[in-house]
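Take a look at the structure set out below.
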Amino acid sequence: MTPSSSPWWSPQVHADRRPLLLLRNRIAARIRAHFAALDFVEVEAAALQVSPGNEAHLSAFATEAIGPDGARRPLYLHTSPEFACKKLLAAGEPRLFSLARVFRNRERGALHHPEFTMLEWYRANERYTVLMADCAELLALAAEAAGARRLRFRGREADPQADFERLTLAEAFSRHAGIDLLATIDGAGATDRDRLAAGVAAAGLRVAPDDTWADLFSRVLVARVEPHLGLGRPTILCEYPVSEAALARPCPRDPRVAERFELYACGVELANAFGELTDPAEQRRRFEAEMAEKARVYGETYPIDEDFLAALAAMPEASGIALGFDRLVMLASGAPRIEDVIWTPVAETAP
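If you use our numbering, the sequence shown corresponds to residues 1 to 351, in order.
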């Protein structure tokens, strides 16, 4: 925000924003009622955690706890309530949801905010495909609460009542980039960087000598696949390579891919879902690999939550999903920026 611009709390700015903020409240109330009708319990996860999550490209806010004796212990604001929710699954909760304030550093723009609201829900002993039906119900619910027939974002639209498009990553790479993605992954999930690099170059995209397989995968996804998703109707993009699904279990029919999907509408990523991995030894291996990559790229790592791994051993088979609540409100209202639907945006940092 520039010094000459009006702050969000000025009466004239607030008067313009208030209808969107009241719509936000209506959608939140409808979501709570929807989950209550399905026998979900709402939970509240502590924002302060031993680990903020162990994904290589997520950046957290760090702080510390000072004990009565003056001893200091590092803590982090969570990037998701996922670890806490899975501990509650291990404790015996069969169905739960959370509307949690979460925190991610290095993120600010039309679709990103340092502090935002994540809607997460989990189903014990249910397949992750059930979450796809949940998503359809929630998109229709949000549109109805807004009195909108279409979801909208910057000139792009999607019909929330339409049957969702369902597309695997392999199909998407073939259709939109002419790349045989699965040919670059072996039966154990190991990736072939050079083979993917050849396909990326043939598709006319840049390949740098130090690009990893994951770098190239992300480049194709962002440049060639995502612009086509969720246009006219929402898209379920599913069966991610196992190397791109650190918290998901492999698909039984093809160990090269995992039970992970993302939901898109109007070209905007709305949700990320998993058939949850429940093997603590494999989860540790994946976390360590993610933190090694984080150290390589950013020169830092986050601790592994040992209590989470212990809970994972007791957790039942489950499916879970995280949906960006603010983004859902944006699409239902047609707002162009995420800050338009947040009651009190985080202050801009000085350059």
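Glycine is no exception: its CB is placed at the ideal position from the N, C-alpha and C atoms.
{"Item": "Just mark Gln283 as buried or exposed, buried being the case when its beta carbon has 16 or more other beta carbons within 10 Å.", "Value": "buried"}
{"Item": "Where does Cys85 fall in DSSP's three states?", "Value": "helix"}
{"Item": "Residue ranges of each alpha helix (DSSP H) run of no fewer than 4 residues wholly in the segment 29-73, ordered along the chain?", "Value": "none"}
{"Item": "Mind checking Gly299: buried by the 16 CB within 10 Å criterion, or exposed?", "Value": "exposed"}
{"Item": "Between the segment 302-316 and the segment 234-254, do at least 3 Cβ pairs fall closer than 8 angstroms?", "Value": "no"}
{"Item": "Can you give me the C-alpha to C-alpha distance between Thr63 and Met330, rounded to a whole angstrom?", "Value": "31 angstroms"}
{"Item": "Just how far apart, CA to CA, sit Ala313 and Leu88?", "Value": "13 angstroms"}
{"Item": "Ordered along the chain, which non-local residues of its own chain (more than five positions away) have a Cβ less than 6 angstroms from that of Leu196?", "Value": "Thr184, Trp213 and Leu216"}
{"Item": "Indicate the three-state DSSP secondary structure (helix, strand or coil) for Ile304 in the structure shown.", "Value": "coil"}
{"Item": "Does the structure place the segment 314-326 close enough to the segment 86-105 that three or more beta carbon pairs sit under 8 angstroms?", "Value": "yes"}
{"Item": "Contact check, Val41 vs Glu120 under 8 angstroms by CB: the rounded distance?", "Value": "Going by Cβ atoms, the distance from Val41 to Glu120 rounds to 13 angstroms, so no, they are not a contact pair."}
{"Item": "Are the CB atoms of Gly230 and Tyr264 within a distance shorter than 8 angstroms?", "Value": "yes"}
{"Item": "Go to Asp134, then tell me how far its alpha helix (DSSP H) extends in each direction, as first and last residue.", "Value": "Thr129 to Ala146"}
{"Item": "Under three-state DSSP, which class holds Ala203?", "Value": "coil"}
{"Item": "Within 10 angstroms of the Cβ of Asn272, are there 16 or more other Cβ atoms? Answer buried if so, exposed if not.", "Value": "buried"}
{"Item": "Using CA atoms only, rank isn't needed, just tell me which of Arg327, Ala332, Asp340 and Arg108 is closest to Leu141.", "Value": "Ala332"}
{"Item": "In this structure, how does DSSP classify Thr344 when only helix, strand and coil are distinguished?", "Value": "coil"}
{"Item": "Between the C-alpha atoms of Glu348 and Arg156, what's the straight-line distance to the nearest angstrom?", "Value": "28 angstroms"}
{"Item": "Less than 8 angstroms separating the beta-carbons of Ile338 and Leu111?", "Value": "yes"}
{"Item": "I need the straight-line Cα distance from Pro3 to Ala29, nearest angstrom please.", "Value": "Its pLDDT being 45, under 50, Pro3 is placed unreliably by the model, and nothing is read from it."}
{"Item": "What would DSSP say about Trp9, mapped onto helix, strand or coil?", "Value": "coil"}
{"Item": "Use the C-beta contact count for Met1: other C-beta atoms within 10 angstroms, 16 or more gives buried, fewer gives exposed.", "Value": "Since pLDDT at Met1 reaches only 43, below the 50 mark, its modelled position is unreliable, and no value is offered."}
{"Item": "Going by DSSP in three states, Pro234 sits in which element: helix, strand or coil?", "Value": "coil"}
{"Item": "Nearest by alpha-carbon distance to Val50: which of Ala65, Cys85 and Leu58 is it?", "Value": "Ala65"}
{"Item": "Looking only at C-alpha atoms, which of Arg26, Asn54 and Val200 sits nearest to Ala289?", "Value": "Asn54"}
{"Item": "Here's a check: name, in chain order, each residue in its chain whose Cβ is nearer than 8 angstroms to the Cβ of Asn125, leaving out the five neighbours to either side.", "Value": "Pro94, Pro316, Glu317 and Ala318"}
{"Item": "For the alpha helix (DSSP H) that contains Phe97, what are its first and last residues?", "Value": "Taken as a continuous stretch (DSSP letters only), Phe97 belongs to no alpha helix (DSSP H), being part of the beta strand (DSSP E) at Arg95 to Phe103."}
{"Item": "Taking DSSP's pairing of strands, which residues face Asp194 in a bridge?", "Value": "Looking at the DSSP assignment, Asp194 forms no beta bridge with any residue, so it has no partner."}
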